[in-house]
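A short write-up of the structure that comes next.
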Amino acid sequence: MTEARATLEYVPHARQEAFHRDPRPWRWFCAGYGTGKTTTTVFEALMLADVTHPGCTGIVAAPTYTLLFQSWFEVWKATVPRALWELKRDPLLGPHIIVKCQNGARSKIFLRSTSNPWSNEGINAAWLIFDEATRERDRAAFDVLVSRVRKGVVGRQLSVLVSGPPMTRRHWTSTEFGAGPGDGRVGTMLAWHGQQHAVVRARTRDNPYLPPDYEAQLRSRPGVTEAWARQWCDAEFGAMEGQIYAAFSRDVHVIPAASLKGRGWRRIVIGTDWGFTHPGVMLAVAQDGYGDLYVIREEVHRERSVIDAPGQWVDIARTLDRDLGPAGFSCDPSLPGNLAAIKKGVRARVYGADNNMAEGIRVVTALLEQAVDRERERRAGRPIKHVVPALYVSDACTHTIGEFEAYARKKLRDGSVSEEPTEEGDDAMDSLRYAAVALRRAA
Ligand SMILES: Nc1ncnc2c1ncn2[C@@H]1O[C@H](COP(=O)(O)OP(=O)(O)OP(=O)(O)O)[C@@H](O)[C@H]1O
Ligand SMILES: [Mg+2]
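Numbering-wise (our numbering), the sequence shown opens with residue 614 and increments by one.
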């Protein structure tokens, strides 16, 4: 062992160990936030490149280059000694890592994102690792990468490893790997396998290396519900099965706040949902020249009254009115006194919103799906048409993003899911409906 290799320190925790030891060629580390997914795949990549398939090629992918470089490659840089590798950028091959193997050979690791494909033509890989694979909605994007896994050291197994928290039972990761034992797969709900496939689950609390308050902080973030925590911390399947905005994806719909600064808007409407114990929400939704909607600012507060006093709702409305110059405040119509109070504080129109829930959800769903369609077109290299409007959310609006992921239908006693949304964690979603419906009317 060289000195550089000797400085590598990694003691996997029990779930990581279970993943590394599993002999199956297709493996999914099905694990929640902060469980060590990226760390696990970094060590798998190093072992595959250096020990199992020295002198061969591998692929590390993530749904976006941001995820790939800001999380996977950062962990690689921090853990693999600098003397053992080099990052190369090639106009034809794209970014790749050269690994100096113990036996003197050189392995190549191509870095790929499924949303911005460098050509994979000509790559014959021995293995594929896909970090945060479950965030990729499109199975075809995964299949394109898998099709390159074809050649390694003779007699050694080719591997396909993915990581990411469980999605619904209908997501491609569930159909590929199963959402539990049964159907020819054996094991427990913690780990199961078929002949070629294995799944190892891990919860946030299974990572002993996290700061002690990490999970508590995650769970106490605004907008986080029980169902959210069951899926993203406890790595439970289908916790969000009744999810209303299943089309919502951070990768597609969330965009940097900085990219919205200084843009000109055709019209801004503030969707307003009253709340005191539950948070009240004022959501600024801006419409651009194409008719696309952007959630650009959120005001989410508990225990504020609709009165004209510092820090109370009339004051907040006045600030939004001054900063954004909205065309109107489209408000929950059920409390006329509140509307009257806001009216006194702002120049914009203040009115009761159309509160047809089913219609509002349809409008928002269509906007979300249009953004997904465009993303698909963009990936396929086709021109984007702006005929149907889409919806995007500033990454500054963290509460709204949390509600999008957690907004779910009520579960009935018999376990089935009703069409009615739960009344928990629906505050920003209500405000959004009020604004979206008002803006559609205006357009
Ligand atoms: N075996 C280990 N030994 C020491 N620290 C570890 C180990 N595994 C993970 N960690 C640490 O735990 C933290 C979370 O790890 P990592 O980023 O790999 O998790 P993740 O599941 O990819 O997280 P995220 O959900 O944010 O993507 C990091 O600080 C990492 O250094
Ligand atoms: Mg990670």
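Quick reminder that beta carbons are idealized off the backbone N, C-alpha and C, glycines included.
Supposed close pair residue i, residue j - CB separation, criterion 8 Å
i      : j       : result
Arg750 : Asn733  : Arg750 to Asn733, Cβ: 20 Å. No contact.
Leu661 : Ser787  : Actually they do not touch by this definition, with Cβ atoms about 25 Å apart.
Asp635 : Ala811  : 5 Å
His709 : Leu724  : 6 Å
Ser726 : Ala675  : 6 Å
Asp901 : Asp1040 : Actually they do not touch by this definition, with Cβ atoms about 25 Å apart.
Ile955 : Val919  : 7 Å
Ser776 : Asp744  : 5 Å
Pro779 : Cys643  : 5 Å
Arg960 : Asp928  : Not really, about 15 Å apart at Cβ, beyond 8 Å.
Val757 : Ser862  : The Cβ separation is near 19 Å, so there is no contact.
Glu828 : Arg843  : So it is not a contact: roughly 13 Å between Cβ atoms.
Beta-carbon proximity check, residue i vs residue j, cutoff 8 Å
i       : j       : result
Gly941  : Val882  : yes
Ala815  : Ala848  : yes
Gln856  : Ala658  : no
Thr679  : Ala739  : no
Val1006 : His866  : yes
Phe755  : Trp785  : yes
Leu774  : Tyr646  : no
Val688  : Thr747  : no
Thr654  : Ile742  : yes
Ile909  : Ala922  : no
Glu1018 : Trp841  : yes
His806  : Arg915  : no
Asn820  : Thr648  : yes
Leu981  : Ala860  : yes
Leu621  : Pro694  : yes
Gly884  : Ala1048 : yes
Arg917  : Gly950  : no
Tyr822  : His633  : no
Gly973  : Arg1054 : no
Ile997  : Arg991  : yes
Ala753  : Ala631  : no
Ile711  : Ile672  : no
Burial state of residue i, where buried means 16 or more other Cβ atoms lie within 10 Å
i       : result
Ala966  : buried
Met895  : buried
Thr801  : exposed
Leu948  : exposed
Gly717  : exposed
Val977  : buried
Pro1002 : buried
Ser943  : buried
Thr890  : exposed
Ser728  : buried
Gln629  : buried
Ser872  : exposed
His1012 : buried
Gln808  : exposed
Gly1015 : buried
Leu906  : buried
Ala930  : buried
Leu700  : exposed
Tyr858  : buried
Glu911  : buried
Arg876  : exposed
Leu705  : exposed
Met614  : Because Met614 carries a pLDDT of 47, less than 50, the predicted location of this residue cannot be relied on, and no value is offered for it.
For residue i: DSSP bridge partner residues
i       : result
Ile742  : Val673 and Leu774
Leu1004 : Leu906
Met970  : Partner(s): none; Met970 has no beta bridge.
Met929  : Note that residue 929 corresponds to Ile in the displayed sequence, not to Met. Ile929 is not bridged to any residue.
Phe723  : Ile672 and His709
Met895  : Thr885 and Glu912
Asp703  : Gly707
Chain B contact for residue i (CB, 8 Å cutoff)
i      : result
Val812 : No chain B appears in this structure, which consists of one protein chain only.
Any non-hydrogen atom of ligand 4 closer than 7 Å to residue i Cβ
i      : result
Thr786 : Within the structure as shown, ligand 4 is missing, the only ligands being ligand 1 and ligand 2.
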